[in-house]
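Residue numbers (the numbering used here): 299 to 464.
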Ligand SMILES: NC(=O)c1ccc[n+]([C@@H]2O[C@H](COP(=O)([O-])OP(=O)(O)OC[C@H]3O[C@@H](n4cnc5c(N)ncnc54)[C@H](OP(=O)(O)O)[C@@H]3O)[C@@H](O)[C@H]2O)c1
C-alpha cells in the first residue's frame, strides 16, 4: 500500500481551532477532493465529527474512522479501533490520512508522502500538524514555484507543497 497524509496549515503549523478549520479556501478543498477521490480516507473520530453531516461520509471514498470507543457508530463509514486495524481495512490501496492532529502524528512514521497546503494566515488554534523532520522528509514539489496562489474567496494566499520520504 502507499500511505499519504494531507493537511492544510498556517506557516506556524496550526491546523484546527475548536474542532474546525480556521479558514475557508475553496481551492484547497478542490485540491483535497482531486487527490483523495477514489481512495480510502482514514481519519480520527474528532475529524469525522467535524465534517458537516451532508458531507459525511465523504463521497466516492471508503471512509475509515479511528476510535478507541467500542460504541462509536459512524453511518456510512468503517470503524477501526487501532492503527493496524485501520490499515488492514484500507488493504493494498493508495490510502490518504486526512486528520486530525492526533492521527497525523500517529501515522506519519508509516507514511511515504505528505501533501501540505500552507495557508498564509496568522491565526491561533488548538491543533497542530506534526513537524516534518528535514532529515526524513524532502520537499519534492511546490506550487506555485514562487510566491502564492490567491484564493477567489477572500484573497487568502496559499501554496501546495509535496514532501517525500528521503
Ligand atoms: N487543517 C487540516 O488539514 C485539518 C484536517 C483534519 C482535521 N483538522 C482539524 O483537526 C482537529 C481535530 O484533530 P484532533 O487531533 O483533535 O482529533 P482527530 O485526530 O481527528 O481524532 C482524535 C480521535 O481519534 C481517535 N484515535 C486517535 N488515534 C487513535 C488510535 N491510535 N487508535 C484508535 N483511535 C484513535 C480517538 O477517538 P476516540 O476519542 O473516539 O477514542 C481520538 O480522540 C479539528 O479542529 C479539525 O478541524 C484539520
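Ideal Cβ positions, reconstructed from N, Cα and C, are used throughout, including at glycine.
Cβ-heavy atom distance between residue 367 and ligand 1 below 6 Å?
Answer for residue 367: yes, Cβ within range of ligand 1.
For residue 323, the three-state DSSP class (helix, strand or coil)
Look at residue 323 here: in three-state DSSP terms it is coil, with no helix or strand label.
Would you say the beta carbon of residue 342 is closer than 6 Å to some non-hydrogen atom of ligand 1?
Remark: the C-beta of residue 342 is in contact range of ligand 1, defined as less than 6 Å to any heavy atom.
Under the criterion of a Cβ to heavy atom distance below 6 Å, does residue 448 qualify as lining ligand 1?
Flag unset: Cβ of residue 448 not near ligand 1.
Can you find a heavy atom of ligand 1 that lies under 6 Å from the Cβ of residue 430?
In terms of side-chain proximity, the C-beta atom of residue 430 is found no nearer than 6 Å to any non-hydrogen atom of ligand 1.
Taking a contact to mean a Cβ-Cβ separation below 7 Å, would you say residue 340 touches residue 412 in this structure?
No, the pair does not count as a contact, with Cβ atoms beyond the cut-off.
Residue 400 beta carbon near ligand 1 (any heavy atom closer than 6 Å):
Residue 400: yes, Cβ under 6 Å from ligand 1.
Residues near residue 319 by beta carbon distance below 6 Å, same chain, minus five either side
Here the set comprises nothing.
Extract the residue ranges of the beta strand (DSSP E) inside the region 299-355, only unbroken runs of 3 or more that lie entirely within it.
Within the region 299-355, the beta strand (DSSP E) runs of at least 3 residues that lie entirely inside it are, in chain order, 301-307, 312-314 and 339-342.
Residue 400 beta carbon less than 7 Å from that of residue 387
No, these two residues do not count as a Cβ contact at 7 Å.
Rounded separation between residue 327 and residue 369 - CA only:
Their Cα atoms are separated by approximately 31 Å.
For the putative contact between residue 462 and residue 436, defined by C-beta atoms under 8 Å, what is the C-beta separation to the nearest angstrom?
Between the beta-carbon of residue 462 and that of residue 436 there is about 6 Å, and that keeps the pair under the 8 Å contact cut.
For residue 428, which residues of its own chain have a beta-carbon under 6 Å away from its beta-carbon, when the five flanking residues on both sides are left out?
Correct list, in chain order: 402, 403 and 406.
Could you check whether residue 355 and residue 384 sit closer than 7 Å to each other, using their CB atoms as the reference points?
No, the Cβ-Cβ distance between residue 384 and residue 355 is not below 7 Å.
How about residue 424 and residue 315: do their beta carbons lie closer than 7 Å?
Against a cut-off of 7 Å, the Cβ pair of residue 315 and residue 424 comes out as a contact.
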